[in-house]
Structures are given as structure tokens and as C-alpha cells.
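Below: the structure, in C-alpha cells.
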Amino acid sequence: QPRRHPWCRGARLATSAAGYEERITSTDNATVKHFAKLVRNRGYREECGSIVVAGSGILSEVCGGGGEAGGGSARVLFLADDACVPAGVTASRIVRAPEHVIKKAAGLQSVDRVDAVAELSMPPVAGVAALEGAGRITRLLALDGIQDPGNLGTLVRTALALGWDAVALLPGTCDPYNDKALRAARGGVFRMPMARLTWEELEEVTRRDGLRRFCAEPTADATAADTAATGSKGLCLVLGSEGQGLSDVALRTCEPVAIPMPGEMESLNVAVAGGILLYLMRRGS
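If you count by full-length UniProt numbering, then the sequence shown holds residues 1 to 285, one letter each, in order.
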């Protein structure tokens, strides 16, 4: 019979589908190494069809969504000795481990404490077909070569919060299942429809749904973002990479929009600028 920990205060027992807990105490354990490799190696994540999500709060957001929005049951769940199963989380296999083992499994070197880390099935990120289930799209965010996973995760989370319909990952954009992207997005990557698209496919989607394509580019002839949104029933906002900016094809095929800024700063971080634009150009604005 599994142990009930006194600090759980009525929380459900930490039991796996098999009805018991395991315990791992060494970072040399094969399961720990498997987790660490999933964190650092994109190819291995794709081969296994798995991602690693760390932190009980994020796990509750991810797995508590239910249905297609939720992350489903964890394949393996590591728990700290004093931790309870996060709300909404189920697991096929539950492992108790000391803090240094959990940090190794989560790929973390920081002093921050992690009470839970899980292996979850990777949500599909396909092509145009991935957006068909989203119905008619009126607000589409397209990321053009975004390389910083923290910025990507923040933009996905912001778009979800502001009611945008989907995210398109254009060529050169980083992996949305990088651990930094997952932490920044929290449960967003499981709830927001995402698709890897070529520029030709993006043109197909925007033409199909009647979306005007805008790109964040503070040129002299750029339209103010709130003005652009007012005159557009459906739109696609393209954000460029932090270092290189927008690609040539974005500059050629999209209308420039800018944030009205009375201050003297030349530019903003892409996650900050993107968040402002997503708000100004949201549905109903």
C-alpha cells in the first residue's frame, strides 16, 4: 500500500496506474538520463514523441485542461519526497526522488526548487492541417525566425490569453517544446493550435480565411496597429527574429504596422512589442 504523506492534507494518494510508487536516488539511473536527454536534445524529443514539463503549477495547467486542450496522462512523473501529485495530473508511473535527482531530470542547474517533473506526450505540430481544427481563423500570429525560446513561449501564452486563434511557426523559428519555451508558455503550447508552415502555406491559410497580413516594422509609412485592426475583420500578424528582424519575404508581402510610441526608444524586445501588438490588434479592438 503506498504511503500517504502527512503534508498532503487530504490530497489523493501518489499512486501510478500500476498502484505503487518507485524510488530513484541516483542521477545515473536510466530514467533520469532519459529525461535529461529529452530536455537538451530536440531530435530525441521528436524520436520519442515526448517532452519534459517541470513544476507542479505548470503541470496542473497542462494536464488539467481536459480533452484535446489537456496534456493527458504523464508517462512518468517524478515527485519530491515532500510533494503531492499536482492537481489534475495522472501518471502511468510515479517515482519519488531527492531534489538533486529531480533537478537532473528537469535539466535545471539553478537554485530554484522543483517539486515535480513529468514526461508527457508531445502535442502534434503539423502543417496546414493542424489549423483546420481551429475553424475559421480571424486572428493568426506568425513567428518569422524567432530564435529565443523564452520569447516564443511568452508570445504563445500572450496570444492565448488575448483570444488569438492560432500560431504559425515559419522557417527558422525555434522548437516550441524547448524547456525554456515550455516554462514561458506554461500550458499555452497544449491549448493553442500551432502549425509549422512555409511562406507558401501561410499565404494559402491567409487567403482561405480572408486575413490581411501585417508585419511589425516601424517604418515611416507604417500604419498604427490599433488603426490597422479597426479596419480588418481578419488579420495575420508576423513578428520577426530578435537579431535579424523580418525576412525579405515578410517585408515584401505584408503591410507594416507599428506601435504608437511618443518616447525616444528606438525598439522593444520582441516579446514586449509582440504583446502590445497582440493586445492592440486583438479581436473586438
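By construction, the Cβ of each residue, glycine as well, lies at the ideal position given by its N, Cα and C atoms.
Every value quoted in this text rests on a predicted model; they were computed, and no experiment measured them.
Cβ atoms of S92 and R75 come within 8 angstroms of each other, at about 6 angstroms. Distances from the CA of Q147 to each of F214, L278, V270 and G275 were compared; the closest alpha carbon is that of V270. Taken in chain order, the complete beta strand (DSSP E) segments of 3 residues or longer contained in the region 25 to 89 are 50 to 54 and 76 to 80. When only Cα atoms are considered, C215 and S60 end up about 35 angstroms apart.
The three-state reading of DSSP puts L268 in coil, since its state is none of H, G, I, E or B. Using a Cβ distance threshold of 9 angstroms, M122 and G187 do not count as a contacting pair. Within the same chain, Cβ atoms closer than 8 angstroms to the Cβ of L38 are found at Y44, R45, C48, S50, I51, V52 and E119, the five residues on either side in sequence being excluded.
Inside the region 149 to 204, DSSP marks whole alpha helix (DSSP H) runs of 4 or more residues at positions 149 to 161, 179 to 185 and 188 to 191, from first to last along the chain. Contact between the region 237 to 253 and the region 145 to 161 is present, with at least three C-beta pairs closer than 8 angstroms.
Listed in chain order, the non-local C-beta contacts of G172 below 6 angstroms within the same chain comprise G145, local neighbours out to five positions each way being set aside. V32 has its alpha-carbon roughly 28 angstroms from the corresponding atom of T154.
The bridge partners DSSP lists for I94 are E21 and L77.
Under the three-state reduction of DSSP output, V257 falls in the strand class. Contact annotation, V95 with L108: C-beta distance approximately 17 angstroms; criterion of less than 8 angstroms not satisfied. Runs of the alpha helix (DSSP H) lying entirely within the region 200 to 247 and spanning at least 4 residues, in chain order: 225 to 230. For V128, the three-state secondary structure derived from DSSP is coil. For P98, the closest C-alpha among the options G88, P86 and D82 is that of D82. Using a Cβ distance threshold of 9 angstroms, A195 and A126 count as a contacting pair. If you draw a 10 Å sphere on the C-beta of P86, you find 16 or more other C-beta atoms in it, and that means buried. In this model, L162 and S241 are separated by some 22 angstroms (Cα to Cα).
Between P218 and A250 the beta-carbon gap is near 14 angstroms, outside 8 angstroms, which marks them as no contact. Linking L280 to G234 through their CA atoms gives a straight-line distance of about 14 angstroms.
Shown here for D175: same chain residues with a beta carbon closer than 6 angstroms to its own, the five before and five after excluded, namely R42 in chain order.
F190 is the residue among G88, E255, F190 and L277 whose C-alpha sits nearest the C-alpha of A130. Apart from sequence neighbours up to five positions away, the residues of its chain that approach T158 with a beta-carbon distance below 6 angstroms are G275 and L278, ordered along the chain. R183 is not a Cβ neighbour of G88, given a cutoff of 9 angstroms. Sequence-distant Cβ neighbours of W164 in its own chain, meaning closer than 6 angstroms and more than five residues away, are R139 and L141. In this structure, L239 sits near A273, with a CB-CB distance shorter than 9 angstroms.
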